[in-house]
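J.: Following UniProt numbering, the residues of the sequence shown are numbered contiguously, the last one being 900.
The beta carbon of each residue, even a glycine, is placed where N, CA and C say it ideally should be.
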Amino acid sequence: MTFSRFFHVVEEGGGGEEERLLAAERQEPFVVETMTATEANNRKGSGHVGVEIPDTAHQISSDSWFQVAFVLTTGINSAYVLGYSGTVMVPLGWIGGVVGLIIATAISLYANSLVAKLHEFGGRRHIRYRDLAGFIYGRKAYHLTWGLQYVNLFMINCGFIILAGSALKAVYVLFRDDHVIKLPHCIAIAGLICAVFAIGIPHLSALGTWLAVSTILSLIYIVVAIVLSVRDGVKAPPRDYEIQGSSLSKLFTITGAAANLVFAFNTGMLPEIQATVRQPVVKNMMKALYFQFTAGVLPMYAVTFIGYWAYGSSTSTYLLNSVNGPLWVKALANVSAILQSVISLHIFASPTYEYMDTKFGVKGNPLALKNLTFRIMARGGYIAVSTLVSALLPFLGDFMSLTGAVSTFPLTFILANHMYYKAMNNKLNPMQKLWHWLNVVFFSLMSLAAAIAAVRLIALDSKNFHELKTVQAMLVLENILISKSLTLLIRLAAIHGSKWRTVMVPLGWVGGVVGLVLATAISLYANALVAKLHEFGGKRHIRYRDLAGFIYGRKAYCLTWGLQYVNLFMINCGFIILAGSALKAVYVLFRDDHAMKLPHFIAIAGLFCAVFAIGVPHLSALGIWLVVSTIFSLIFIVVAVVLAVKDGVKTHSRDYEIQGSPLSKLFTITAAAANLTFVFNTGMLPEIQATVRQPVVKNMMKALYFQFTIGVLPMLAVTFIGYWAYGSSTSTYLLNSVTGPLWVKALANISAFLQSVICLHIFASPTYEYMDTKFGITGSTLALKNLTFRIMARGGYLAVSTLLSALLPFLGDFMSFTGAVSTIPLTFILANHMYYKAKDNKLNPMQKIWHWLNVVFFSLMSFAAAIAAVRLISVDSKNFHVFADFERGEEGQIVKKKKD
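1) What is the DSSP secondary structure of Asp-772, counted as helix, strand or coil?
2) Run through the DSSP bridge pairs and tell me what Val-230 is partnered with.
3) If Ile-347 sits next to Leu-204, beta carbons under 8 Å apart, how far is it from one beta carbon to the other, in whole angstroms?
4) Ile-273: which of Pro-351, Ala-225, Asp-232, Val-303 sits nearest, CA to CA?
5) Do three or more CB pairs link the region 86-93 to the region 312-325 at distances below 8 Å?
6) On a Cα-Cα basis, can you pick out the residue from Ala-752, Glu-242, Ala-405, Leu-860 that is closest to Phe-575?
7) Below 8 Å, can you find three or more Cβ-Cβ pairs linking the region 755-772 to the region 609-626?
8) If you measure between the beta carbons of Tyr-656 and Gly-727, is that distance less than 7 Å?
9) Can you give me the start and stop residues for the alpha helix (DSSP H) that Lys-117 sits inside?
10) As a quick exercise: from Leu-666, Glu-535, Val-744, pick the residue whose alpha carbon is nearest that of Ala-864.
11) Assuming Leu-568 is part of the alpha helix (DSSP H), what are its boundary residues?
12) With contact counted as at least three CB pairs below 8 Å, one residue from each stretch, are the region 290-303 and the region 214-228 in contact?
13) What did DSSP end up calling Val-10 once you bin it into helix, strand or coil?
14) Is Asp-177 helix, strand or coil by DSSP?
15) Identify whether Asp-593 lies in helix, strand or coil by the three-state DSSP scheme.
16) How about residue 966 and Leu-643: do their beta carbons lie closer than 7 Å?
17) Who pairs with Val-530 in a beta bridge, going by DSSP?
18) Taking 7 Å as the cut-off, decide whether the C-beta atoms of Ala-613 and Arg-794 are in contact.
19) Taking 7 Å as the limit between beta carbons, can you name the residues of its chain near Tyr-142, skipping five residues before and five after?
20) Just to confirm, is the Cβ distance from Leu-589 to Leu-747 under 7 Å?
21) Give the straight-line distance between the Cα atoms of Trp-850 and Leu-507, rounded to the nearest whole angstrom.
22) Quick check on this structure: which residue in Ala-582, Arg-540, His-594, Val-645 has the alpha carbon closest to the alpha carbon of Glu-687?
23) Could you pull out every residue in the same chain whose Cβ sits closer than 8 Å to the Cβ of Val-281, ignoring the five residues on either side in sequence?
24) For Ile-187 and Leu-457, I'd like the C-alpha separation in whole angstroms.
25) Could you check where the alpha helix (DSSP H) with Tyr-290 kicks off and where it finishes?
26) Measure the alpha-carbon distance for Leu-168 versus Leu-217 and round it to whole angstroms.
27) Kindly list the residues whose CB is nearer than 6 Å to the CB of Leu-685, restricted to its own chain and excluding five residues on each side of it in sequence; keep chain order.
28) Answer with buried or exposed for Thr-294, where buried requires no fewer than 16 other C-beta atoms within 10 angstroms of its C-beta.
29) Please work out which residues of its chain come closer than 6 Å, Cβ to Cβ, to residue 936, disregarding the five sequence neighbours upstream and downstream, and give them in chain order.
30) Are at least three pairs of beta-carbons, each pair with one atom in the region 411-424 and one in the region 432-441, less than 8 Å apart?
31) Could you pull out every residue in the same chain whose Cβ sits closer than 8 Å to the Cβ of Thr-670, ignoring the five residues on either side in sequence?
32) For Cys-558, count the other beta carbons within 10 Å of its own beta carbon; 16 or more makes it buried, fewer makes it exposed. Which is it?
33) Since I believe Val-277 is in contact with Asp-63 (beta carbons under 8 Å), could you give me their beta-carbon distance rounded to a whole number of angstroms?
34) Is the Cβ-Cβ distance between Val-115 and Leu-261 less than 7 Å?
35) Is the region 233-243 in contact with the region 68-76, if contact means three or more CB pairs nearer than 8 Å?
36) Hey, could you find the ends of the alpha helix (DSSP H) Val-611 is sitting in?
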């Protein structure tokens, strides 16, 4: 967005309100000149560097002090309180723990009061922590504060997701102790719940009744924990309250626990919460703080002290794991902890949500399509990334300790005292100034000590580190091909040529060869029909949905976009699975210990895809990457062909018989016939054609002729040679069948991995184009707004795709189904009928009959393929487990992988 003018004012006594409102109305930034604290007090200002303070898209000044008090109390009595017995009391003991908690309460109230009293400093409301820091110190402090705050809140939110996942797992373990579902599975489910809640609640003030619900939920798990702890404590023999460990170990654990004491009470986002309170702002906020640090802390004190009393130094870091009692009571407490963590996360994520909403001008009705779409993408993406990080690192708590040391301490204590000192410099006597400096120095030392303790803990835990340590691997590779080999030009000879069990094995030599040749011809024909309509009606139709809408109307526009989106989304999931499979194949070549499973590699592949998507803004920008992709394709195809020929020459006889019972053959042949047509087509030809220079139709036809002649040769070569070499025992991933030097196979798999990353970008481009167009992302690709949007939107889209790819063990079956109901209709049924409609007056009767025959035939093909896919889903669902380690059997059955 280009801003035509800025309103520069010096904030003094509420001056500039008219200009501020005018700027907000025009969605222009309201720029405040920064000044020193003394100048702010003296109402002076000239020649200062401007700090852009944007208006907010969220509500301010709408809540009572009591509602704000409940927001603060919700944060302090979150499910984190169930860990304080183990993380605070066990390292500090009775004296240190009790005295420390009381002192931490007092100093936290004091530090928060300092920040609260500065909310209207300089004659204006500072609704964000970074706004206040920027107003007092300048631009650098503004960005530094935002960076510290963002990292702090992100890690707190990851902690909430882990807490919710841990509580969910605790519920599962209460009723089933088979360990089929692991902690990362529960974390993924918790992240999904958090995302749904974040999308439904537009801003902090909208929490409303949810704060009451949160309070009830907090009381449930706190009361249950207290009652069951008292019950256990009364029955238990004398407990050991001795602080455990060596002298050095005690020093570090006591330092970490002392840091936790102050971390427990503080959010690092007080101005953002204070922004929602009604006038008088400072007075009402002080009421809320007094409530938080008196009545609000009592439940936390109770559960912390009673938990430690009941179990002593053996207290668990999650108290509900220590208590004994009726299953339904413990289940109720854990479910309450899950739901309360979801609400608490929303509070701590609100500064990030407010930033995104304000940055991209998301205002007005929360249910408006644009606003809802943005929340789904931006917040869903943020939560998806947070969930992925939470599931990826098995000792995230150590990193949270480190970020707490380097961000929470500075934000809450160091910055609070120094800002107050700077702002009130002329009003403080020498003793008060000395007091604030002592606080700055003391908490700086505390921050340093806590950071050292956290680094030590990370160093100790890293010896046992494995990403996604508790995840069982999963997913099958068989049906991935159903969604792949769908590229134009270089993409057609891509990685998917290595996986042709789904075509050659079910059809045999005659059916496979004849079928592939026929599929090539009819795919060229169908794509040519769509290409010739690109300028139909005197305008360019740069999207498939635009063309359908132009010919049929609005309903067809929406239906086509829906079919296309589902089709491309599933294709992209397939690419992520393929990339992860190739990466795993490299790992297995050198280490066969099964420490890392397929979901780990899918997560890594998704990260690579996200980085690439952020760096390449649009389809035309691929440029040299298309050449790189061609090189990668040639590498793994040449390796596959050469090694397959080498193996085939040595093998004297192969079985080319089509396997299975008559009924099984019928379904597999149907699916394979559908795959033949599916394999050559993208369902996004107009989007690719939109990048072609004039004359558009002529140039696109050249590209299609190249694709379906020279472009298919590598694919046909690797397909036929692979089947010739291994017959009906051909692996679903050809590089798993070939034998040869490890470095050669590793090179081929790495090439396949990288080529999949590039291919995914092509098939995701219609989605990226939609998001960029919807939210007006134009201009320099390196502009902060554009880069930020790509990180959030594309990163979020790929995070969701990655999570789904790792979650479902037979995603390929669903890909078969979506291919049947979306790719075949888009490429063949719609292409023929659109051409018939557009050229109705120019077609003779025989041509009209021909197009109708195509429509009917491919409709039947679509229907038959859908039935085959549904049958496959039905068969596989009997063995379905999320994140389970599966492989495909000979007749499409999922079979569990043998353990070492």
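T.: Taking the geometry as given:
1) Taking the first residue of the sequence shown as 1, we reach residue 772 at position 772. DSSP places Asp-772 in helix when its eight states are reduced to three.
2) Residue mapping note: residue 230 aligns to position 230 of the sequence shown, counting from 1. Answer is none; Val-230 lacks a bridge partner.
3) Here residue 347 corresponds to residue number 347 of the sequence shown, with the count starting at 1. Here residue 204 corresponds to residue number 204 of the sequence shown, with the count starting at 1. The pair is a contact, with the Cβ atoms about 7 Å apart (cut-off 8 Å).
4) Start at 1 with the first residue of the sequence shown, and residue 273 comes out as number 273. For Ile-273, the nearest C-alpha among the options comes from Pro-351.
5) yes
6) Counted from its first residue, the sequence shown places residue 575 at position 575. Cα-wise, what sits closest to Phe-575 is Ala-752.
7) yes
8) Locating residue 656 in the sequence shown gives position 656, counting from the first residue. Locating residue 727 in the sequence shown gives position 727, counting from the first residue. Cβ distance < 7 Å, so Tyr-656 and Gly-727 count as in contact.
9) Along the sequence shown, read from residue 1 onward, the residue named residue 117 stands at position 117. That run of the alpha helix (DSSP H) goes 90-117.
10) What you label residue 864 is simply residue 864 of the sequence shown in a count that begins at 1. For Ala-864, the nearest C-alpha among the options comes from Leu-666.
11) One-based indexing of the sequence shown puts residue 568 at position 568. Residues 554-590.
12) yes
13) Sequence index remark: in the sequence shown, residue 10 carries index 10 (1-based). Here Val-10 scores only 29 on pLDDT, less than 50, and its place in the model should not be relied on; the value that follows carries that caveat. Here Val-10 sits in coil by DSSP.
14) The count along the sequence shown starts at 1 and reaches residue 177 at position 177. Looking at Asp-177 - three-state DSSP - the assignment turns out to be coil, as it is neither helix nor strand.
15) Mapped onto the sequence shown, residue 593 falls at position 593. Note: Asp-593 maps to coil in three-state DSSP.
16) Since the first residue shown for the chain is 1 and the last is 900, residue 966 is missing from the structure and cannot be characterised.
17) For the purposes of this step, residue 530 is identified with residue 530 of the sequence shown, where counting begins at 1. Paired residue(s): none; Val-530 is not in a bridge.
18) For the purposes of this step, residue 613 is taken as the residue at position 613 of the sequence shown. For the purposes of this step, residue 794 is taken as the residue at position 794 of the sequence shown. In contact: Ala-613 and Arg-794 (Cβ atoms closer than 7 Å).
19) For the purposes of this step, residue 142 is taken as residue 142 along the sequence shown, with counting starting at 1. Excluding residues within five positions, the ones whose Cβ falls inside 7 Å are Val-51, Arg-130, Ala-133, Gly-134.
20) Here residue 589 corresponds to residue number 589 of the sequence shown, with the count starting at 1. Here residue 747 corresponds to residue number 747 of the sequence shown, with the count starting at 1. No.
21) As a position in the sequence shown, residue 850 is number 850, starting the count at 1. As a position in the sequence shown, residue 507 is number 507, starting the count at 1. One C-alpha to the other measures close to 27 Å.
22) Looking up residue 687 in the sequence shown gives position 687. When each option's Cα is compared against that of Glu-687, the closest is Arg-540.
23) Taking the sequence shown and counting its residues from 1, the one referred to as residue 281 is at position 281. Closer than 8 Å at the Cβ level, and outside the excluded window around Val-281, lie Ser-61, His-119, Glu-120, Arg-125, Gln-274.
24) Reading the sequence shown from its first residue, position 187 is the one you call residue 187. Reading the sequence shown from its first residue, position 457 is the one you call residue 457. Each residue's Cα considered, the two are about 23 Å apart.
25) Taking the first residue of the sequence shown as 1, we reach residue 290 at position 290. Start and end: 281-292.
26) Taking the first residue of the sequence shown as 1, we reach residue 168 at position 168. Taking the first residue of the sequence shown as 1, we reach residue 217 at position 217. Their Cα atoms are separated by approximately 15 Å.
27) Here residue 685 is taken as the residue at index 685 of the sequence shown, counted from 1. Cβ neighbours of Leu-685 beyond the five flanking positions: Asn-527, Val-530.
28) As a first step, residue 294 must be located in the sequence shown, where it is residue number 294. Exposed, by the Cβ-count rule.
29) What is shown of the chain runs 1 to 900, which leaves residue 936 out entirely.
30) yes
31) Numbered from its first residue, the sequence shown carries residue 670 at position 670. Excluding sequence neighbours, Thr-670 sits near Ala-864, Ala-865, Ile-867, Ala-868.
32) As a working note, residue 558 is residue 558 in the sequence shown. That one is exposed.
33) As a first step, residue 63 is located in the sequence shown; it is residue number 63 there, counting from the start. As a first step, residue 277 is located in the sequence shown; it is residue number 277 there, counting from the start. Contact flag correct, Cβ pair sits at about 6 Å.
34) Counting from one through the sequence shown, the residue named residue 115 turns up at place 115. Counting from one through the sequence shown, the residue named residue 261 turns up at place 261. No, the Cβ-Cβ distance between Val-115 and Leu-261 is not below 7 Å.
35) no
36) Within the sequence shown, residue 611 is the residue found at index 611, counting from 1. Per DSSP, Val-611 belongs to the alpha helix (DSSP H) from 598-615.
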